[in-house]
Each structure stands twice: as structure tokens, then as C-alpha cells.
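Participant: Numbering (this note's numbering), first residue to last: 25 to 333. Following this message is one structure expressed as C-alpha cells.
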Ligand code: NDP
């Protein structure tokens, strides 16, 4: 089967991918975006987005993604609703093999496959995202003014979530399954000194209780005493880490120990002509706006790479 040759193939369709598509389409590079199994990524499971500039009254996550896609389509970016199964970056043009059988050759590739927040695996937690369950305090803390929230996890993410939430919530409880934290000592100090934050050690969430308004309580088990108690809460924040979506790369790109793609000059991977943007290479900011910004950078770098060839 002959494979079609593209100048730019973008893998992934969150804010980073759509922005890379917009910029490379406007640079006349006819980009192809391979959307993946969950087109739009994490924004599609978010309700109100109040921190994306330009929307003074906020915008729903799915609508924001839809608008980004429409903007890129206006400049004739092409979208394909399938997933990449495999890539071959051993020589240029690079080879991209899709789940639907399509094969593409690409002069440059932009990887924007994002990261997936880890959840506990409780039966109703995914359906309660946006109704009391969240994995992003920066996005949602504002909705918990003077309310009670619980954060799960013992690493830096959980500590940052708790610290940020404490600026809004009346009480923040961190539920950690052990009696020592994984977070850095500096972060631990900040948490222990914060009068609004309290630790619930050796504890795990076993159930999330909700009504029509959303989450109102959780059941928490003390793993040492094996006792379960119900705790009132308005929100439950997951701070148990993120999984970057990089398995399809099969180790052809250098990643850090957690699997996030390593980049230099903001968006360059270890393979010339392959760029990465958004949460797949950013375990720190993880915001729609920073992802979009790095999508712009990746497209500009790809365009300059092609023009230097
Ligand atoms: P980590 O893997 O460091 O921590 C995850 C935490 O979640 C651990 O405490 C772990 O418990 C707990 N956990 C994992 N799965 C479950 C589960 N199923 N149920 C209950 N608890 C669970 O991930 P982070 O996202 O916190 O950090 C990732 C990396 O990013 C780290 O290197 C961190 O330093 C860095 N980072 C740095 C920041 C900064 O510098 N400001 C901010 C955020 C992250 P246990 O400890 O028992 O394994």
C-alpha cells in the first residue's frame, strides 16, 4: 500500500494539537491531525473553563475545543478520527501507522498526545468529574470558595493542589494512604504550616457519595484500624499523578523517568524534525493555555525546520 507524504503530521487533538494545526495550516503546510481515541483530550471532561484568556464569562471545555478545531479547519487543516498505533522515527520521512490501517509519511511530526490524570478507579468518579470530582485545582478551586474539600495523594501534585485550594476553601484535608509523604521537604513544610490544611494519614477513599447537586460526602477507610467513616465534602481532588500518553512511541523518543517526552528549546525532541508540545512534555504547568502556547511553538519550529531543509 502506498503511503501519502505530508509535511506536518500532528498526533493528538487537545489545545496543543489544535494550536499547532492552526499555525501550521496558516503557514501553508497542510497539516494532518490524527485526533486519537478521545478527541479534545482532558478539556472535553472539564465543565467551565474560566482561565482561558478571551472568554470573560468562561467557556465550557468541549466548546473551547470545538472552537479551536473549527478555527484550524478554516485554514484547511485536515483531521482524521483514528488513533496512531505505531511510529517509525528511524529515518525521514517518518512513518505513522494508524489503527484504521492508514499509513502516513511525514517530513515533520508534532506529538501532542497529552497526559491522562490518574483516578482512583471508584465506580462513579468519572461521571462526577465537574460535579465535585476534579484533577485540576488551578482549573476548579475557584468553585470551592468557603467550602470543604479533600485531596488524595502524597506527592508534590497533591501538595500543590491542596495549597492552591486553601486560598479558596474553608478546610482542605489531604488523604494519604501511608504515614509519610513523597512530596519534597519544602512542599511538606508549606503544607504543615498552613492552618487550613489537615492530613488524614493511612487513609483511602472507598466511596464517593453524591446527589443531584453533585458530591456531598466520601467514605474514608483508616487502613491501619480498618475503620470506615463518612466525611462531608464538597469536592474531591485527585492528586495521584498523571500518565503521559507515550506508549505508542515504543521508546523511540527520549522521555524522563515518568514517561514525559524530554524537550530542548521548548519543543524539540531528541529526533530532529519531531517536536512535542502540551502535557505530553509538560508535567509542571498542565494548563490549556500553556499547552496551546507550546503548540504554537512546535508549529513555528516545524515550519523553520522544513524551510532549512
Ligand atoms: P507522584 O508519583 O510523586 O505521587 C503520587 C502520589 O499519589 C503518591 O503519594 C502515591 O502514594 C499516591 N497515589 C498513587 N496512586 C494512588 C492510589 N491509587 N490511591 C491513593 N494514592 C495514590 O506523582 P506527582 O504527580 O505528585 O508528582 C510527579 C512528579 O512531578 C514528581 O517528580 C514531582 O516531584 C513532580 N512535581 C513537581 C512539582 C513542583 O515542583 N512544584 C509539582 C507537581 C509535581 P504513595 O506515596 O504511597 O506511592
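Using N, Cα and C, we set each Cβ at its ideal position, and we do this for glycine too.
Quick check on the burial criterion: 16 or more other C-beta atoms within 10 angstroms. Buried or exposed for residue 42?
Facilitator: Locating residue 42 in the chain shown gives position 18, where the first residue counts as 1. Residue 42 is buried by the Cβ-count criterion.
Participant: Using only the alpha-carbon positions, how far apart do residue 281 and residue 268 sit?
Facilitator: Walking along the chain shown from the start, residue 281 turns up at place 257. Walking along the chain shown from the start, residue 268 turns up at place 244. Rounded to the nearest angstrom, the two C-alpha atoms are 11 Å apart.
Participant: Which residue wins for smallest C-alpha separation from residue 254, given the options 200, 236 and 229?
Facilitator: Taking the first residue of the chain shown as 1, we reach residue 254 at position 230. Nearest C-alpha to residue 254: 229.
Participant: Nearest-angstrom Cα distance between residue 188 and residue 165?
Facilitator: If you number the chain shown from 1, residue 188 lands on position 164. If you number the chain shown from 1, residue 165 lands on position 141. Going by the C-alpha atoms only, they are around 7 Å apart.
Participant: Would the beta-carbon of residue 184 be found less than 8 Å away from any heavy atom of the ligand NDP?
Facilitator: By 1-based counting over the chain shown, the position of residue 184 is 160. Under cutoff, so the answer is yes.
Participant: Relative to the ligand NDP, is the shortest distance from any of its heavy atoms to the C-beta of residue 176 smaller than 8 Å?
Facilitator: Here the question's residue 176 lines up with position 152 in the chain shown. Under cutoff, so the answer is yes.
Participant: Closest to residue 176 by C-alpha separation, out of 167, 63, 277 and 145, would be which residue?
Facilitator: What you label residue 176 is simply residue 152 of the chain shown in a count that begins at 1. Looking at the Cα atoms, 145 is the closest of the given residues.
Participant: Pick helix, strand or coil for residue 163, following the three-state DSSP scheme.
Facilitator: What you label residue 163 is simply residue 139 of the chain shown in a count that begins at 1. Here residue 163 sits in helix by DSSP.
Participant: The ligand NDP and residue 240: does the residue's C-beta get closer than 8 Å to at least one heavy atom of that ligand?
Facilitator: Position 216 of the chain shown, counting from 1, holds the residue named residue 240. Checking every heavy atom of the ligand NDP against the Cβ of residue 240, none is found closer than 8 Å.
Participant: Excluding the five sequence neighbours on either side, which residues of its own chain have a C-beta within less than 6 Å of the C-beta of residue 155, listed in chain order?
Facilitator: On the chain shown, position 131 is the one that residue 155 refers to. Cβ neighbours of residue 155 beyond the five flanking positions: 238.
Participant: Can you tell me whether residue 93 is buried or exposed? The criterion is at least 16 other CB atoms within 10 Å of its CB, across all chains shown.
Facilitator: Residue mapping note: residue 93 aligns to position 69 of the chain shown, counting from 1. With 16 or more other Cβ atoms within 10 Å, it is buried.
Participant: Since residue 227 contacts residue 40 with CB under 8 Å, what's their CB separation in whole angstroms?
Facilitator: Here residue 227 corresponds to residue number 203 of the chain shown, with the count starting at 1. Here residue 40 corresponds to residue number 16 of the chain shown, with the count starting at 1. The Cβ separation is near 36 Å, so there is no contact.
Participant: Please determine if the stretch 52–63 and the stretch 297–314 are in contact, where contact requires at least 3 C-beta pairs separated by less than 8 Å.
Facilitator: Judged by Cβ distances under 8 Å, the stretch 52–63 makes no contact with the stretch 297–314, as fewer than three pairs qualify.
Participant: Taking the Cβ atom as the reference point for each residue, do residue 223 and residue 184 lie within a distance shorter than 9 Å?
Facilitator: Start at 1 with the first residue of the chain shown, and residue 223 comes out as number 199. Start at 1 with the first residue of the chain shown, and residue 184 comes out as number 160. For residue 223 and residue 184, no; Cβs fall outside 9 Å.
Participant: Consider the C-beta atom of residue 334 and the heavy atoms of the ligand NDP; say whether any pair is separated by less than 8 Å.
Facilitator: Shown here, the chain extends from 25 to 333; a query on residue 334 therefore has no answer.
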